[in-house]
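Inspection log for the structure reproduced underneath, given as structure tokens.
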Amino acid sequence: MIVLGLSGAVNHDASAALYIDGKLVAAVEEERFLRDKHAKGKMPYEATKFCLEQAGITPEQIDIVAFPYAEIGLKSPARWHYAKRHWYAPDRALTALFSGNRRYWRNHQNVMKLLDDLGIGADRVKFVPVEHHLAHASSAYHLSGFKEKTAIIGIDGKGEYATTFFGYGENGRIHKIKEFYDPDSLGGMYGALTEYLGFEMLDGEFKVMGMAPYGDPSRFDFSRLIDCKDGNFKVNNKLVNTVGLRRHKKNGKGYFFSSDLIDWLGPMREGDEKDEPYIDYAASIQDLLEKTALQLIDHYLGDIIKETGKIAYAGGVALNVKLNQRIIAMPGVKELFVQPAASDAGTAIGAASYASQMAGVPVEKMEHVYLGPAYTTEQCIEACDNYEQPVTWQRMNNVTAETAQILADGNPISWFQGRMEFGPRALGNRSILGSPSHSGVADRINAQIKYRERWRPFCPSILDTVAPEILQTDHPSPYMTFTFDVNESWKSRIPEVVHEDGTARAQIVTQHTNPRYYSLLQEMEKLTGNGVVLNTSLNRRGEPMVCSPTDALNMFFGSDLQYLVMEDILITKQ
Numbered sequence: 001m002i003v004l005g006l007s008g009a010v011n012h013d014a015s016a017a018l019y020i021d022g023k024l025v026a027a028v029e030e031e032r033f034l035r036d037k038h039a040k041g042k043m044p045y046e047a048t049k050f051c052l053e054q055a056g057i058t059p060e061q062i063d064i065v066a067f068p069y070a071e072i073g074l075k076s077p078a079r080w081h082y083a084k085r086h087w088y089a090p091d092r093a094l095t096a097l098f099s100g101n102r103r104y105w106r107n108h109q110n111v112m113k114l115l116d117d118l119g120i121g122a123d124r125v126k127f128v129p130v131e132h133h134l135a136h137a138s139s140a141y142h143l144s145g146f147k148e149k150t151a152i153i154g155i156d157g158k159g160e161y162a163t164t165f166f167g168y169g170e171n172g173r174i175h176k177i178k179e180f181y182d183p184d185s186l187g188g189m190y191g192a193l194t195e196y197l198g199f200e201m202l203d204g205e206f207k208v209m210g211m212a213p214y215g216d217p218s219r220f221d222f223s224r225l226i227d228c229k230d231g232n233f234k235v236n237n238k239l240v241n242t243v244g245l246r247r248h249k250k251n252g253k254g255y256f257f258s259s260d261l262i263d264w265l266g267p268m269r270e271g272d273e274k275d276e277p278y279i280d281y282a283a284s285i286q287d288l289l290e291k292t293a294l295q296l297i298d299h300y301l302g303d304i305i306k307e308t309g310k311i312a313y314a315g316g317v318a319l320n321v322k323l324n325q326r327i328i329a330m331p332g333v334k335e336l337f338v339q340p341a342a343s344d345a346g347t348a349i350g351a352a353s354y355a356s357q358m359a360g361v362p363v364e365k366m367e368h369v370y371l372g373p374a375y376t377t378e379q380c381i382e383a384c385d386n387y388e389q390p391v392t393w394q395r396m397n398n399v400t401a402e403t404a405q406i407l408a409d410g411n412p413i414s415w416f417q418g419r420m421e422f423g424p425r426a427l428g429n430r431s432i433l434g435s436p437s438h439s440g441v442a443d444r445i446n447a448q449i450k451y452r453e454r455w456r457p458f459c460p461s462i463l464d465t466v467a468p469e470i471l472q473t474d475h476p477s478p479y480m481t482f483t484f485d486v487n488e489s490w491k492s493r494i495p496e497v498v499h500e501d502g503t504a505r506a507q508i509v510t511q512h513t514n515p516r517y518y519s520l521l522q523e524m525e526k527l528t529g530n531g532v533v534l535n536t537s538l539n540r541r542g543e544p545m546v547c548s549p550t551d552a553l554n555m556f557f558g559s560d561l562q563y564l565v566m567e568d569i570l571i572t573k574q
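Here the UniProt record's numbering is used: the first residue of the sequence shown is 1, the next is one more, and so on.
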């Protein structure tokens with residue numbers, strides 16, 4: 001059975017994923033092909049074409065198409081809740097009640113057009129709409145590999161109307177316990193403060209998280225933003241998660257917060273520096289998110305966690321690695337699986353996995369996210385020969401040993417290998433690498449290569465043989481979805497990947513999932529004594545991660561990088 005999952009339901013992060021008989025054979029975001037971050041307003045045409053090509057199938061062979069957006073009936077509490085909470089914007093309230101499925105039918109029309117345009121056949125294929133948060137839940141639970149009863153968390157901005165999902169999985173089935181609805185959204189609240197702090201929603205939340213350790217959460221009381229007690233929470237939408245005339249407007253743009261927030265906290269942050277009081281605001285909103293989420297998780301899922309200790313988690317807020325560290329530390333937690341593509345891009349996998357499970361074909365555990373395009377050495381050479389300017393390249397005799405020597409000498413490199421990662425994290429195939437023991441490497445990458453804020457932290461990729469010692473835990477971490485407290489004895493050995501608060505967002509690398517990257521880390525250990533590299537995504541600020549060899553060359557010549565390793569060739573600047 002062949003199941004195609006598509007995302008792009010909420011106007012961003014379009015992607016496609018393909019299951020064949022329960023095996024995930026391909027998954028990729030549309031932004032990587034269009035070179036347009038988040039691919040806002042797009043449907044996953046190029047991503048779907050890639051999935052079919054990678055699987056070696058024709059469009060007519062697809063049995064099911066799943067999409068992470070469903071009709072929400074008038075009897076659902078979701079539409080009534082939305083209308084009640086948006087009384088101050090009657091147009092929104094009435095739309096929810098009388099034409100609340102309008103977005104669904106618009107999505108449906110767009111999907112049907114894509115299916116016909118690509119020869120899949122809207123009239124032929126079985127179409128399965130999946131509730132947005134069920135898709136998130138499936139992407140976490142069904143791919144976790146957990147066999148025990150599993151607590152499931154889904155927290156994001158919003159789907160159809162739901163913003164937060166608590167439930168459990170058992171024997172392959174997902175059961176809802178509680179949902180919360182827009183505008184009562186933890187993701188929306190955090191996103192509103194992301195905008196206030198001068199970043200873009202959907203893209204800057206992790207910057208707020210990275211800024212938070214520089215501030216003091218006790219300096220400002222943010223409790224007025226949310227009321228949380230007895231298992232319920234209500235966002236103060238006089239301040240955040242606002243719509244219509246209540247939104248603060250500046251230079252013709254409407255924000256997700258009101259002018260009352262400006263009156264309270266002062267003007268929006270501008271520029272790239274980490275300055276007061278904004279670092280304290282970042283610390284306060286991070287603290288409020290953590291406390292509220294942990295309280296709700298314990299209320300709705302505490303008994304299940306105590307029973308089995310297993311949690312599966314997805315949704316955009318699941319990329320908040322500091323919160324994830326706190327969840328792991330909760331009493332009774334044995335293992336937390338966070339879907340590595342936790343944002344809406346991952347709902348393509350979630351919708352497809354859910355549809356496959358419901359059709360009686362269980363899906364396999366997710367073992368890696370190397371699910372995108374790959375290119376041969378010959379294709380990389382061809383890209384060099386056809387590039388718009390001369391490219392100096394040479395074949396390497398021992399790729400990992402020679403690359404490790406360049407890194408050990410203190411040079412950052414761009415590293416382009418194998419199949420592109422699915423999701424927002426570079427995990428050793430589309431990466432910029434550096435030696436974490438060389439002082440100043442992080443600042444150099446931020447300022448001269450990534451062109452981003454100098455205070456932004458970098459993450460380590462670590463050999464599985466030394467990870468327990470460095471991170472002081474045996475908890476799995478293959479996808480950079482958690483932070484851990486770094487062993488004191490290692491902080492001075494790898495200072496470039498230890499954040500202000502003494503933590504690191506780590507990827508633990510195994511030989512099974514990425515042999516070449518593993519070999520590189522082994523070579524680094526021979527040369528430096530540390531089986532660790534600094535790893536950040538191969539892209540510049542505001543751009544999607546590199547996909548093709550030509551993309552890699554554009555990145556290389558558009559930055560101060562001096563070395564690019566593409567498969568078996570080394571490219572240098574003269």
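Just so it is clear, CB atoms sit at the ideal spot from N, CA and C, and this is done for glycine as well.
Keep in mind that this is a model prediction, so the values were computed, not measured.
Assuming residue i contacts residue j (C-beta within less than 8 Å), just tell me the rounded distance between them.
{"i": "Leu239", "j": "Thr403", "result": "50 Å between Cβ atoms; not a contact."}
{"i": "Glu205", "j": "Gly191", "result": "6 Å"}
{"i": "Gly531", "j": "Val466", "result": "5 Å"}
{"i": "Ile462", "j": "Gln507", "result": "7 Å"}
{"i": "Ile381", "j": "Ile569", "result": "6 Å"}
{"i": "Glu131", "j": "Tyr104", "result": "Rounded, the Cβ-Cβ distance is 11 Å, inconsistent with contact."}
{"i": "His12", "j": "Lys40", "result": "5 Å"}
{"i": "Gln61", "j": "Ile2", "result": "6 Å"}
{"i": "Pro373", "j": "Arg419", "result": "7 Å"}
{"i": "Lys23", "j": "Glu364", "result": "6 Å"}
Using the Cα positions of residue i and residue j, report the straight-line distance between them to the nearest angstrom.
{"i": "Ile152", "j": "Lys334", "result": "14 Å"}
{"i": "Tyr479", "j": "Thr510", "result": "11 Å"}
{"i": "Arg35", "j": "Pro544", "result": "6 Å"}
{"i": "Tyr227", "j": "Leu288", "result": "The sequence shown places Asp at residue 227, rather than the Tyr named in the question. So the two alpha carbons sit approximately 11 Å from each other."}
{"i": "Ala140", "j": "Gly332", "result": "19 Å"}
{"i": "Ala401", "j": "Glu523", "result": "6 Å"}
{"i": "Lys234", "j": "Asp184", "result": "5 Å"}
{"i": "Asn554", "j": "Gln405", "result": "25 Å"}
{"i": "Glu148", "j": "Asp21", "result": "23 Å"}
{"i": "Gln417", "j": "Pro77", "result": "48 Å"}
{"i": "His38", "j": "Val28", "result": "12 Å"}
{"i": "Asp272", "j": "Leu433", "result": "23 Å"}
{"i": "Ala312", "j": "Gly169", "result": "9 Å"}
{"i": "Lys450", "j": "Leu52", "result": "33 Å"}
{"i": "residue 658", "j": "Val128", "result": "The question about residue 658 has no answer here: the residues shown for the chain are numbered 1 through 574."}
{"i": "Leu94", "j": "Asp182", "result": "15 Å"}
{"i": "Asn110", "j": "Asn397", "result": "49 Å"}
{"i": "Leu301", "j": "His108", "result": "34 Å"}
{"i": "Asp177", "j": "Ala96", "result": "Reading the sequence as shown, one finds Ile at residue 177 and not Asp. Cα to Cα, the separation comes out at about 24 Å."}
{"i": "Val441", "j": "Lys526", "result": "20 Å"}
{"i": "Cys547", "j": "Gln379", "result": "13 Å"}
{"i": "Ala329", "j": "Asn232", "result": "23 Å"}
From the DSSP output, which residues share a beta bridge with residue i?
{"i": "Gln507", "result": "Ser461"}
{"i": "Met566", "result": "Phe416, Ile569"}
{"i": "Gly121", "result": "Paired residue(s): none; Gly121 is not in a bridge."}
{"i": "Gln394", "result": "Leu570"}
{"i": "Phe337", "result": "Ala312"}
{"i": "Ile20", "result": "Ile2, Lys23"}
Is the beta carbon of residue i less than 9 Å from the beta carbon of residue j?
{"i": "Glu270", "j": "Gly215", "result": "no"}
{"i": "Ala282", "j": "Leu186", "result": "no"}
{"i": "Glu496", "j": "Ser439", "result": "yes"}
{"i": "Pro44", "j": "Ala352", "result": "no"}
{"i": "Thr503", "j": "Ser435", "result": "no"}
{"i": "Val65", "j": "Gly5", "result": "yes"}
{"i": "Ile297", "j": "Ile327", "result": "yes"}
{"i": "Gly244", "j": "Tyr161", "result": "no"}
{"i": "Gly428", "j": "Asn539", "result": "no"}
{"i": "Ile470", "j": "Leu534", "result": "no"}
{"i": "Leu261", "j": "Glu290", "result": "no"}
{"i": "Leu371", "j": "Val125", "result": "no"}
{"i": "Ala9", "j": "Glu30", "result": "no"}
Regarding residue i and the ligand SAH, is the C-beta to nearest heavy atom distance less than 8 Å?
{"i": "Leu289", "result": "Ligands in the displayed structure: none, and consequently the ligand SAH is not present."}
Going by other Cβ atoms of all chains shown within 10 Å of its Cβ, with 16 needed for buried, is residue i buried or exposed?
{"i": "Leu564", "result": "buried"}
{"i": "Arg32", "result": "buried"}
{"i": "Gly360", "result": "exposed"}
{"i": "Gln574", "result": "exposed"}
{"i": "Trp264", "result": "exposed"}
{"i": "Thr481", "result": "buried"}
{"i": "Lys229", "result": "exposed"}
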